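>
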Amino acid sequence: MTTIDPKIIVALDTSDPVQAMEFSDRVSPELCKLKVGKELFTSAGPQLVESLVKRGFDVFLDLKFHDIPNTVKKAVYAASQLGIWMVNVHASGGEAMLSAAREGIDMAGNRRPFLIAVTILTSLSDNDMQQLGINRSVSEQVEKLAQISFDNGLDGLVCSAHEAGLLRDKFGLSPLLVTPGIRPEGSSVDDQQRIMTPQQAMLEGSSYLVIGRPITRHSDPAQALSDINQTLV
Ligand code: C5P
Numbered sequence: 000m001t002t003i004d005p006k007i008i009v010a011l012d013t014s015d016p017v018q019a020m021e022f023s024d025r026v027s028p029e030l031c032k033l034k035v036g037k038e039l040f041t042s043a044g045p046q047l048v049e050s051l052v053k054r055g056f057d058v059f060l061d062l063k064f065h066d067i068p069n070t071v072k073k074a075v076y077a078a079s080q081l082g083i084w085m086v087n088v089h090a091s092g093g094e095a096m097l098s099a100a101r102e103g104i105d106m107a108g109n110r111r112p113f114l115i116a117v118t119i120l121t122s123l124s125d126n127d128m129q130q131l132g133i134n135r136s137v138s139e140q141v142e143k144l145a146q147i148s149f150d151n152g153l154d155g156l157v158c159s160a161h162e163a164g165l166l167r168d169k170f171g172l173s174p175l176l177v178t179p180g181i182r183p184e185g186s187s188v189d190d191q192q193r194i195m196t197p198q199q200a201m202l203e204g205s206s207y208l209v210i211g212r213p214i215t216r217h218s219d220p221a222q223a224l225s226d227i228n229q230t231l232v
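Residue 134 in numbering that gives the first Met the number 0 sits at position 135 of the sequence shown, with consecutive numbering throughout.
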């Protein structure tokens, strides 16, 4: 773990461990944290995660666990043994699963990573809620799942920066709010729908910003990262 706390979490969205390690050579743990998701973890496994941790990076293991409580408790504990900084689960796994996840994390003692929840995937709309038989809007359901998450000891949420202000009003300053969908001024929107600049997202109440392609696909990733960090000071 680093002693300073960079706000940018770079999403290593690749299946190639060599590419991921090469990227980590070009940046440093003082400038960013790194996110390993399902694609990279499925192809490269825990060793890749441990290698990044060994290089001093705070790693967010974005595997969005969602299973029966005992399985999630053990998965979260196993994740914590990799030395990661943060891990996540789906809030819709319910109270018993969320509190089991918290127990799994606590079993790691002082190696305990942060445990955060995904509420409703931002790819889902109000229409999808109806199709799933949930008679609430996405934002009502996000609020409900956020409450259940905090009641069961989770440290924070993955959410859109557009929801961060409302969540701060409702739940105060302590939850960690980790927000993807971030685009620096002038960079390509790619497939993101509701974007926000890094600076705006922090003002809305984000704790950490997940940023992928504007940094990883840049011709000079270290420069792109440093430029974004400059906008946050
Ligand atoms: O390249 P880009 O900055 O769009 O990458 C964003 C990262 O955040 C990706 O890893 C993506 O899976 C993740 N993410 C997202 N939107 C969400 C949740 C996660 O873009 N609602």
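Don't be surprised by glycine CBs; every beta carbon is placed ideally from N, CA and C.
Being a predicted model, the structure only gives us computed values, none of them experimental.
For the putative contact between Ala10 and Val209, defined by C-beta atoms under 8 Å, what is the C-beta separation to the nearest angstrom?
With 8 Å as the limit, Ala10 and Val209 qualify as a contact, their Cβ atoms being about 6 Å apart.
> What does Lys34 pair with, by DSSP beta-bridge criteria?
Answer by DSSP bridge pairing, in chain order: Ala10, Phe59.
> Check whether the Cβ of Thr121 sits closer than 7 Å to any heavy atom of the ligand NAD, and report yes or no.
In the structure shown, the ligand NAD is absent; the only ligands present are the ligand C5P.
> On the DSSP letters alone, give me the boundaries of the alpha helix (DSSP H) that Gly92 sits inside.
Element bounds for Gly92: n/a, residue is neither H nor E.
> Between which two residues does the alpha helix (DSSP H) harbouring Val26 extend?
Premise fails: Val26 is in no alpha helix (DSSP H) and is neither H nor E.
> Please state whether DSSP places Met128 in a helix, a strand or coil.
In the structure shown, Met128 sits in a helix (DSSP, three-state: H, G or I).
> DSSP three-state call for Ala107: helix, strand or coil?
It is coil, neither helix nor strand.
> Which of the three DSSP states, helix, strand or coil, is assigned to Thr196?
Coil, per DSSP.
> 8 Å is my cut-off, CB to CB: does Ile227 come that close to chain B?
No chain B appears in this structure, which consists of one protein chain only.
> Is Gly164 near the ligand C5P, going by C-beta to nearest heavy atom under 7 Å?
Not under cutoff, so the answer is no.
> Regarding Val137 and the ligand C5P, is the C-beta to nearest heavy atom distance less than 7 Å?
Every heavy atom of the ligand C5P is 7 Å or more from the Cβ of Val137, so no.
> Going straight from the alpha carbon of Ala99 to that of Gly185, what length do you get?
Their Cα atoms are separated by approximately 43 Å.
> Please report the distance separating the alpha-carbon of Arg193 from that of Gly180.
Their Cα atoms are separated by approximately 7 Å.
> Mind pulling the beta strand (DSSP E) runs of 3 or more residues that sit fully within the stretch 134 to 207?
Counting only runs of 3 or more, we get 155 to 157, 175 to 178.
> Considering only the alpha carbon of each residue, which of Ala43, Ser122, Val58 lies closest to Val86?
Ranking the options by Cα distance to Val86, first place goes to Val58.
> How about the stretch 169 to 178 and the stretch 117 to 126: do they share at least three Cβ pairs that are nearer than 8 Å?
Output reads no: the stretch 117 to 126 does not touch the stretch 169 to 178.
> Tell me which residues share the same chain as Pro68 and place their Cβ nearer than 6 Å to its Cβ, disregarding the 5 neighbours each side in the sequence.
Closer than 6 Å at Cβ, skipping near neighbours: Ala95, Met96, Ala99.
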